[in-house]
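Residue numbers (my numbering): 9 to 610.
If you want it as structure tokens, here you go:
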């Protein structure tokens with residue numbers, strides 16, 4: 009379990025998404041908001057590239073290969089309207105379309121799809137019968153913010169001999185099955201497969217030793233329905249002593265959770281200052297109560313501003329249950345979280361004597377033993393007189409209701425060799441002026457009426473992602489949505505590839521990289537070659553030809569099936585002048601493949 013700011017850097021994310029000695033077979037992720045650039049961390053982590061520099065990981069050629077290797081291995085569900093408009097456009101964002109699916113509750117437009125989870129199926133390198141599931145539950149969205157978040161990882165072996173009636177996992181399995189209703193095709197079957205695999209895990213082990221083995225509960229809420237009937241709200245959070253850590257709060261939920269606080273019990277709230285009303289402050293204004301907020305030095309830090317984003321509940325002395333329990337995940341202490349939204353929590357039971365209430369309070373607040381004060385939080389002595397409950401603005405409500413509509417888009421070729429895109433949405437009263445534009449062509453924005461047409465879109469710029477913008481006074485809303493778009497030519501992805509790999513050096517560099525078996529060693533050698541050639545005007549492709557031929561010989565002898573990926577690339581660039589020399593080389597190479605296959609058989 010971790011609780012800190014900037015915890016989801018790519019190093020930690022790589023550690024979470026992949027286990028030593030195992031290959032990732034398939035991944036299901038969930039998030040409320042999504043930064044497309046942050047999502048690129050996932051294909052990088054699944055690609056098993058090792059520890060590479062940031063300059064390499066930001067290379068379009070590297071990202072292109074990362075997506076190629078892993079796009080069929082993962083799917084991410086997010087809140088509809090939760091995709092951030094990217095600050096910098098990248099053509100390969102469109103290659104992620106088949107991995108991103110939006111979820112919306114059309115009956116409740118103001119509710120949120122808010123869970124944060126990664127469910128990962130892994131297979132042992134050496135023993136293909138050794139398979140396991142890793143469940144990562146966190147409060148962190150798929151973005152780059154530096155706020156304080158929490159994460160816990162649980163791992164369990166898949167045993168097809170285990171009964172499918174594992175009560176501990178039935179609720180999470182049902183949750184994953186609900187997600188599968190928002191997706192079609194082969195990936196739908198893979199998501200359903202992971203839901204079934206959950207029922208064949210006898211027990212998950214937590215990544216920390218202070219929790220009781222096997223004493224955990226998954227608590228998913230799907231559009232307000234609690235899928236775990238054995239852990240009911242609010243009873244399961246009502247203890248003799250309770251510590252609530254939640255950035256967003258409301259009075260009713262605070263009163264529900266604090267209903268059973270004992271006379272000598274302790275109740276502590278860690279939240280954001282803007283929501284501490286007088287009524288909420290009074291609930292904690294007692295001898296054993298306290299309210300903490302992140303201090304101004306952390307929030308107003310000009311280098312890395314940090315605020316609270318963790319959602320955690322520490323409960324001691326539950327009715328009819330002894331011991332201490334820790335709940336963590338996505339659910340804020342609000343009515344919406346437990347009655348309207350889609351959320352996910354996990355409950356862990358602590359071992360006797362492990363991290364009791366006072367110890368947990370000190371650990372989370374990072375109390376300095378000598379000063380007796382926190383370096384991050386400050387204790388409030390009075391409520392915020394200007395505190396307000398969060399309310400959606402009229403513009404927000406309008407956009408949320410609009411995004412519940414069934415948008416459709418259709419692509420048709422035109423006489424200019426480009427494409428027109430027509431978007432249709434149901435009739436409605438246009439309360440606010442909105443615009444819509446293709447993600448890859450933001451300057452083509454048009455007023456969002458019931459029918460919109462974009463003309464002369466290049467093939468590589470076609471996408472199912474669109475930017476919706478709205479303004480009302482000082483309020484500005486900009487969101488990316490995914491619209492089912494019929495008629496996108498099958499060779500669109502190939503055109504995106506050709507727009508990135510558009511020169512002789514890039515082509516040879518890409519081919520060599522995709523064939524290498526040690527990315528770290530490969531990039532080191534490329535750096536040395538580039539330094540050696542610097543200043544003499546020689547092309548990088550010349551010394552790479554021999555290297556690539558050597559790589560092909562090794563692959564043909566050891567794993568000839570891997571050459572099919574190379575042939576796919578060659579088919580895409582067969583008409584490009586920069587590829588002709590290599591195509592001739594590969595034609596010669598093909599003549600010796602039968603001999604190499606015979607060697608491989610022997």
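Where is the CB? At the ideal position from N, CA and C, for every residue including glycine.
All values reported here derive from a predicted model rather than from experimental measurement.
* Residue range of the beta strand (DSSP E) that residue 465 falls in? -> 459 to 465
* **residue 596 to residue 159 span [Cα, whole Å]** => 53 Å
* Could you tell me whether the stretch 429 to 448 touches the stretch 304 to 324, using the rule of 3 or more Cβ pairs below 8 Å? => no
* Are the CB atoms of residue 224 and residue 234 nearer to each other than 8 Å? -> no
* Asked: How would you label residue 168, buried or exposed, when you count the other beta carbons within 10 angstroms and need 16 or more for buried?
  -> exposed
* Asked: Apart from the five residues just before and just after residue 346, which ones in its own chain have a Cβ nearer than 6 Å to its Cβ?
  -> 241
* Between residue 41 and the rest of its own chain, which residues show a CB-CB distance below 8 Å, the 5 nearest in sequence each way excluded? -> 86, 87, 90, 91, 92, 149, 150 and 151
* Should residue 311 be labelled buried (16 or more other beta-carbon atoms within 10 Å of its own) or exposed? -> exposed
* Which residues bound the beta strand (DSSP E) around residue 485? -> 483 to 490
* With a threshold of 16 other CB atoms inside 10 Å of the CB of residue 436, please say whether the residue is buried or exposed. => exposed
* Which value, in whole angstroms, describes the spacing of the CA atoms of residue 384 and residue 126? -> 29 Å
* Distance, residue 397 Cα to residue 372 Cα -> 25 Å
* Excluding five sequence neighbours on each side, which residues of the same chain lie with their C-beta closer than 6 Å to the C-beta of residue 3? -> Past the edges of the chain, shown from 9 to 610, lies residue 3, and the structure says nothing about it.
* Could you pull the start and end residues of the alpha helix (DSSP H) that residue 261 belongs to? => 259 to 265
* **Proximal residues to residue 459 (C-beta, below 6 Å), its chain only, five neighbours per side dropped** => 432
* Would you kindly work out how many angstroms separate the C-alpha atoms of residue 296 and residue 267, rounded to a whole number? => 15 Å
* When the Cα atoms are used, what is the spatial distance from residue 283 to residue 478? -> 27 Å
* **Cβ-based burial, residue 73 [other Cβ within 10 Å; buried from 16]** => buried
* To do: Jot down the residue ranges of each uninterrupted beta strand (DSSP E) in the stretch 188 to 235, minimum 3 residues, whole runs only, in chain order.
  => 219 to 230
* To do: Could you check if residue 194 is buried or exposed, using at least 16 other CB atoms within 10 Å of its CB as the buried criterion?
  => exposed
* To do: Within the same chain, show all residues whose beta-carbon is closer than 7 Å to that of residue 599, passing over the 5 residues directly before and after it, in chain order.
  => none
* Just mark residue 142 as buried or exposed, buried being the case when its beta carbon has 16 or more other beta carbons within 10 Å. => buried
* To do: Determine the closest residue to residue 412 out of 121, 32, 68 and 207, with distance taken between C-alpha atoms.
  => 121
* Evaluate the contact criterion for the stretch 174 to 186 versus the stretch 199 to 218: three or more CB pairs, one atom per stretch, below 8 Å. => yes
* Check residue 16 in the structure and name its three-state DSSP category. => Confidence at residue 16 is low in this model, with a pLDDT of 41, below 50, so its placement is unreliable and no value can be given for it.
* Hey, could you find the ends of the alpha helix (DSSP H) residue 351 is sitting in? => Note, residue 351: premise wrong, no alpha helix (DSSP H); beta strand (DSSP E) at 351 to 358.
* To do: Within 10 angstroms of the Cβ of residue 97, are there 16 or more other Cβ atoms? Answer buried if so, exposed if not.
  => exposed
* To do: Taking residue 251 as part of the beta strand (DSSP E), name the residues at either end of that continuous run.
  => 249 to 253
* Name, in chain order, the residues that DSSP records as bridge partners for residue 493. => 417
* May I ask you to verify whether the stretch 106 to 125 touches the stretch 263 to 278, counting CB pairs closer than 8 Å and requiring at least 3? => no
* What span of residues does the beta strand (DSSP E) with residue 121 cover, start to end? -> It is not in any beta strand (DSSP E) - residue 121 carries neither H nor E in the DSSP assignment.
* Can you name, in chain order, every residue of its own chain whose Cβ lies under 8 Å from the Cβ of residue 452, other than the five neighbours on each side? -> 445, 446, 462 and 465
* **Selection from 69, 360, 514 and 474 that minimises the alpha carbon distance to residue 415** => 474
* What's the gap between the Cα of residue 388 and the Cα of residue 408? -> 35 Å
* To do: Quick one: give me the first and last residue of the beta strand (DSSP E) that residue 135 is part of.
  => That residue, residue 135, is in no beta strand (DSSP E); it is neither H nor E in DSSP.
* Per DSSP, residue 324 is paired with what? -> 249 and 332
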